[in-house]
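Residue numbers (the working numbering): 22 to 131. We put the CB at the ideal spot given by N, CA and C, even for glycine. What follows is a set of notes on a single structure, which appears directly below.
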Amino acid sequence: GSLVNTIGSRKICENSLTAVSVIIMACASVVGSILRLTTREVDDKVYSVLFACSPIVVLGAPIGSLFLSPSNQKRLKHFFYALGIMQLFSFGVIKIGNDILAWIAVAGVI
């Protein structure tokens with residue numbers, strides 16, 4: 022689908038929305054990091070995680086843009102939906118565990 026602009030009736034394509042969402046997330050991360058650095062001390066483990074994730078982001082973003090072509094969009098959507106479902110399930114296994122009421126609540130929301 023596509024998002025309808027609230028100012029007019031012009032539709033915004035999904036690729037543009039993806040690019041905008043990446044820019045918004047990057048800006049929010051920078052602002053959040055600055056606020057965190059200025060308001061409290063940052064543990065050394067945070068820097069370790071940052072340095073571990075940075076190469077993935079720096080290399081993954083350009084490589085991912087190569088795969089984001091019109092011919093691959095449908096496959097990528099299905100892949101991301103599958104990743105989202107796997108993430109939800111793994112969250113449930115790790116955080117919810119054997120709590121049946123919590124599983125019922127999650128199933129009810131879905």
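Would you identify the three-state DSSP class for residue i, choosing helix, strand or coil?
i	result
ILE33	strand
ASP120	coil
PRO91	coil
VAL65	The residue you asked about is not Val; residue 65 is Asp in the sequence shown. Here ASP65 sits in helix by DSSP.
ILE131	coil
Closest Cβ-Cβ distance between residue i and chain D: below 8 Å?
i	result
LYS116	The chain inventory of the structure shown lacks chain D, comprising one protein chain alone.
To the nearest angstrom, how far is the alpha carbon of residue i from that of residue j?
i	j	result
TRP124	LYS116	11 Å
GLY22	LYS98	Residue placement at GLY22 is poorly supported in this model, since its pLDDT is 45, which falls under 50; the coordinates still yield a value, given next. Roughly 12 Å separates the two Cα atoms.
LYS32	ASN93	21 Å
TYR102	SER111	14 Å
CYS74	LEU122	35 Å
SER50	SER37	20 Å
GLY64	VAL70	Checking the sequence, you will find Asp at residue 64 rather than Gly. So the alpha carbons of these two residues sit roughly 10 Å apart.
ILE106	LYS66	29 Å
Less than 8 Å between the CB atoms is what I'm expecting for residue i and residue j, so what's the real figure, rounded?
i	j	result
GLY113	VAL127	6 Å
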